[in-house]
Structure formats: C-alpha cells, structure tokens
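*Asks:* Take this structure, written in structure tokens, and hold onto it; I'll ask about it next.
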Amino acid sequence: MTTMIDWLGRCPLVAILRGVTPDEAVAVGEALVACGIVIVEVPLNSPSPFESIRRLAAALDGRALVGAGTVLDVEAVAAMAAAGGRLVVMPHADGRVVRAAKQAGLLAVPGFATPTEAFAMVEAGADALKLFPAEANPPAVLKAMRAVLPPAMPILPVGGIRPDSMADYLTAGASGFGLGSALYKPGDTPSKIADKAMGFRRALDALTGTATV
236 MTTMIDWLGR CPLVAILRGV TPDEAVAVGE ALVACGIVIV EVPLNSPSPF
286 ESIRRLAAAL DGRALVGAGT VLDVEAVAAM AAAGGRLVVM PHADGRVVRA
336 AKQAGLLAVP GFATPTEAFA MVEAGADALK LFPAEANPPA VLKAMRAVLP
386 PAMPILPVGG IRPDSMADYL TAGASGFGLG SALYKPGDTP SKIADKAMGF
436 RRALDALTGT ATV
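Here the working numbering is used: the first residue of the sequence shown is 236, the next is one more, and so on.
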C-alpha cells in the first residue's frame, strides 16, 4: 500500500473540504488533482460525508488519497472504509481510533498539541501527526517538539494556514500542511478553488525550489 510519506512526497498539501456536498464533491476533487493536490479529506461534520467520500474515492481512484476528517470514534472508521476512503484524520489524540484504522489497513493521522499526545499517537501506529490547532502552536512550538519526535514522522500543521504562513513552519520542521477555509469554502466554484490551490502550490514551490504543475 502507498504510504503517507509517499503521498506527501507527491504534494505535501491536504485539502480539507469541510461543508462539501456529494453533488459538488467530484468537481472539487478533480479541480484539486488538476492542480497537483492529491490528498483530500471530507470532514464528517459535512453534509452526507460518506456519500461524498464514496463518490470521490470512485472518481479519483489511483490519482488521489481520499478519506475522512473529524473522525471521532471507531465506528466512523468502519463507515469510511466501507465508502472507499483510505485516510483517517482526527482532531484529537485517540489511540483507539488510530489502532482501528491500522487494523483496517488504513492510513491514520491523529491530532496532537503536546509532546505527550504526539508520543502516544506514534506508539499507537500513526502514519503522520496533525499539529492542531496551528494557531495555538506557532513554529517555535513545532521546532521544540520536532527536536524530540521521531525524525521520519511527518508533522502537518492545520488551522489558519495561508500561503504566507508556511515558510516559518517549514523551517521549524513541518512536513506539509492541512488547508481548510483558505482553500475551500462551501459554495466555492471549482475554478475559484483551483485559483486558491495554485496560490498555495506556487508559494510552497517557491519555498522548496520545486516546479508548479
């Protein structure tokens, strides 16, 4: 199975489609993939999230990693897997959810805000760690925690990330970013989402010295 590190190597940006509806999900997903963003999560507090995941997973099969965000319990892991999702993203540090995801052959990205939570999630089998909320954990905090966490463990700041806020986090050791309302808001057209996605891609590529698709 393709690892989280593999997917982040293709593009280290995760699109968080909070509020997306099933009828618009595929068009949004296609716009993101066309811009090179290939990790897509549908938060479970969106309308009919499992149906959106089902449609995205079918349409983007092999081209994108599709999964669920705001996964709060073990039952949601099973429902997401049944819909075809492969990625479990959590706002919190719950080893039961991580272990359920790994037992189902899924990728798990739990949230954390302290070293204690981070090490507990590493022990539970996390594939990456979501630093959340990033607004409350500035780059200096990430730098201090990165110094003690396993070097190969990806860390993704999430919450309030903008194109102009990525540089300091990258310097502090971020492996990528989760992008929320600065990338997608309910009602955005695919073309508007593509414009914002390319803004993030260009900003990231300027920082990392890579070429935008």
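No residue lacks a Cβ here, since even glycine has one placed at the ideal position from N, Cα and C.
Between Asp308 and Val332, how many whole angstroms is the CB-CB distance? I'm expecting something under 8 Å.
*Replies:* 7 Å
*Asks:* According to the neighbour-count rule (16 or more other Cβ atoms, all chains shown, within 10 Å of its Cβ), is Val383 buried or exposed?
*Replies:* exposed
*Asks:* Would the segment 340-348 count as touching the segment 277-296 if we require 3 or more Cβ pairs under 8 Å?
*Replies:* no
*Asks:* From the DSSP output, in three-state form, read off Gly413 for me.
*Replies:* strand
*Asks:* Could you say which of Gly395, Thr424 and Ser400 lies nearest to Ser416 if we only look at CA atoms?
*Replies:* The option with the nearest alpha carbon to Ser416 is Gly395.
*Asks:* Measuring alpha carbon to alpha carbon, tell me which residue in Val376, Gly360 and Ala359 is nearest Phe367.
*Replies:* Val376
*Asks:* Can you check which of these residues, Glu259, Ser400, Ile251 and Met388, is closest to Val273 by C-alpha distance?
*Replies:* Ile251
*Asks:* CB-CB under 7 Å to Leu243, same chain, minus the five flanking residues each way: which ones, in chain order?
*Replies:* Pro389, Ser410 and Gly411
*Asks:* Suppose you measure from the CA of Asp430 to the CA of Leu291; what does that come to, to the nearest Å?
*Replies:* 20 Å
*Asks:* Roughly how far, in whole angstroms, is the beta-carbon of Ala407 from the beta-carbon of Leu442, given that I think they are within contact range, below 8 Å?
*Replies:* Not really, about 13 Å apart at Cβ, beyond 8 Å.
*Asks:* Please say whether Ala299 and Val275 have beta carbons closer to each other than 8 Å?
*Replies:* yes
*Asks:* Suppose you measure from the CA of Leu295 to the CA of Arg321; what does that come to, to the nearest Å?
*Replies:* Each residue's Cα considered, the two are about 12 Å apart.
*Asks:* Quick one: what's got a C-beta closer than 7 Å to Arg245's C-beta in the same chain, skipping five residues either side?
*Replies:* Val273
*Asks:* Compute the beta-carbon to beta-carbon distance between Leu248 and Leu414, rounded to the nearest angstrom, for a pair I have assumed lies under 8 Å.
*Replies:* 6 Å
*Asks:* Under the rule that 16 or more other beta-carbon atoms within 10 Å means buried, what is Met356, buried or exposed?
*Replies:* buried
*Asks:* For Asn372, which residues in the same chain have their Cβ closer than 8 Å to its Cβ, ignoring the five residues on either side in sequence?
*Replies:* Ala348, Leu366 and Pro392
*Asks:* Grouping DSSP H, G and I as helix and E and B as strand, with all else coil, what is Phe367?
*Replies:* coil
*Asks:* Going residue by residue through the segment 388-433, where are the continuous beta strand (DSSP E) segments of at least 3 residues, counting only ones entirely within it?
*Replies:* 390-392 and 412-414
*Asks:* Using alpha carbons as the reference points, say which of Leu405, Pro350 and Pro345 lies closest to Gly360.
*Replies:* Pro345
*Asks:* Determine the DSSP secondary structure at Gly304, reduced to helix, strand or coil.
*Replies:* strand
*Asks:* May I ask you to list the residues that DSSP assigns as paired with Pro278?
*Replies:* Gly304
*Asks:* On the DSSP bridge assignment, give the partners of Val324 in chain order.
*Replies:* Val344
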